[in-house]
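S.K.: Residue numbers (our numbering): 2 to 221.
For glycine and all other residues, C-beta sits at the position ideal for the given N, C-alpha and C.
On a predicted model such as this, the values are computed, not experimentally measured, just so you know.
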């Protein structure tokens, strides 16, 4: 090859190398542009998702505030309802306590009368008349129909008074001064008193008596 041919061949190789370099650079630029476009699209999509999530967050936050306000309202209503229930339950209790006061006073008066009669028994004849009166009272209470609360309390006090009367009369009958007295005779024997005491539980069973837990010593 001549010198000119060698020079032309060298120039041709340089041109081919330059063109190849430009083609590679162009392909790389296109690839980079494509990558940038894809990342830009992804960024836009992520921004849209972020906006959607922010909207959902705001919605949930508003719902949470609404639920908290509703919870506070329900708690306030519950407290008001509990106060109304307490007042409603306290009112009947006060009313029943007010109504039971005259009943108790009347029953205590009746029991005091009977106990006074038992305490004032000084002679066997008076003991016999009191015992007959007690037997008549039990018979009248037994023949009556269903009793109200006041009648039950009154009957209870009568039974307690009769038990005390029986104990008092038993002590008086065994006293030496009465044994030495020629008039120490009662109109009712001890067996009659025991029969009268057996009729008392039948007149008012323990389960129906008010404050029955205090009456074990009378019913046994």
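What did DSSP end up calling residue 155 once you bin it into helix, strand or coil?
M.R.: Translated into positions along the chain shown, residue 155 becomes position 154. DSSP places residue 155 in helix when its eight states are reduced to three.
S.K.: Assign residue 36 to one of three DSSP states: helix, strand, or coil.
M.R.: Start at 1 with the first residue of the chain shown, and residue 36 comes out as number 35. In the three-state DSSP reduction, residue 36 falls in the helix class (H, G or I).
S.K.: Rounded to whole angstroms, what's the CA-CA distance from residue 36 to residue 29? Just pull it up for me.
M.R.: Translated into the one-based positions of the chain shown, residue 36 becomes position 35. Translated into the one-based positions of the chain shown, residue 29 becomes position 28. In a straight line, the C-alpha of residue 36 is about 10 Å away from that of residue 29.
S.K.: Could you tell me the distance, in whole angstroms, from the CA atom of residue 45 to the CA atom of residue 76?
M.R.: Translated into the one-based positions of the chain shown, residue 45 becomes position 44. Translated into the one-based positions of the chain shown, residue 76 becomes position 75. Going from the Cα of residue 45 to the Cα of residue 76 covers about 46 Å.
S.K.: Please classify residue 12: does DSSP put it in a helix, a strand, or coil?
M.R.: Start at 1 with the first residue of the chain shown, and residue 12 comes out as number 11. Correct three-state label for residue 12: helix.
S.K.: Here's the rule: buried if 16 or more other CB atoms are within 10 angstroms of the residue's CB, otherwise exposed. What is residue 162?
M.R.: Translated into the one-based positions of the chain shown, residue 162 becomes position 161. By the neighbour-count rule (16 or more Cβ atoms within 10 Å), residue 162 is buried.
S.K.: Just the C-alpha distance for residue 3 and residue 18, rounded to the nearest angstrom, thanks.
M.R.: As a working mapping, residue 3 is identified with position 2 in the chain shown. As a working mapping, residue 18 is identified with position 17 in the chain shown. Whole-angstrom Cα-Cα distance: 23 Å.
S.K.: Taking the beta carbon of residue 159 as the centre, do at least 16 other beta carbons fall within 10 Å, making it buried, or is it exposed?
M.R.: What you label residue 159 is simply residue 158 of the chain shown in a count that begins at 1. With 16 or more Cβ atoms within 10 Å of its Cβ, residue 159 is classed as buried.
S.K.: On the three-state DSSP scale, how would you describe residue 60?
M.R.: Within the chain shown, the letter at position 59 stands for residue 60. Here residue 60 sits in helix by DSSP.
S.K.: If you drop the 5 nearest sequence neighbours on each side, which residues of the same chain put their C-beta closer than 8 Å to that of residue 51?
M.R.: Mapped onto the chain shown, residue 51 falls at position 50. Answer for residue 51: no residue qualifies.
S.K.: Could you tell me the alpha carbon to alpha carbon distance between residue 63 and residue 49, rounded to whole angstroms?
M.R.: Reading the chain shown from its first residue, position 62 is the one you call residue 63. Reading the chain shown from its first residue, position 48 is the one you call residue 49. Answer to the nearest angstrom: the Cα atoms are 21 Å apart.
S.K.: Using three-state DSSP, classify residue 21 as helix, strand or coil.
M.R.: Residue numbering aside, residue 21 sits at position 20 when the chain shown is read from its first letter. In this structure, residue 21 counts as helix in the three-state DSSP scheme.
S.K.: Is residue 3 helix, strand or coil when you go by DSSP?
M.R.: On the chain shown, residue 3 is found 2 positions in, with the first residue counted as 1. If DSSP states are grouped into helix, strand and coil, residue 3 belongs with coil.
S.K.: For residue 246, count the other beta carbons within 10 Å of its own beta carbon; 16 or more makes it buried, fewer makes it exposed. Which is it?
M.R.: Nothing about residue 246 can be reported from this structure: the residues present for the chain run from 2 to 221 only.
S.K.: Here's a check: name, in chain order, each residue in its chain whose Cβ is nearer than 7 Å to the Cβ of residue 196, leaving out the five neighbours to either side.
M.R.: As a first step, residue 196 must be located in the chain shown, where it is residue number 195. For residue 196, where only same-chain residues beyond five positions count, there are no Cβ hits under 7 Å.
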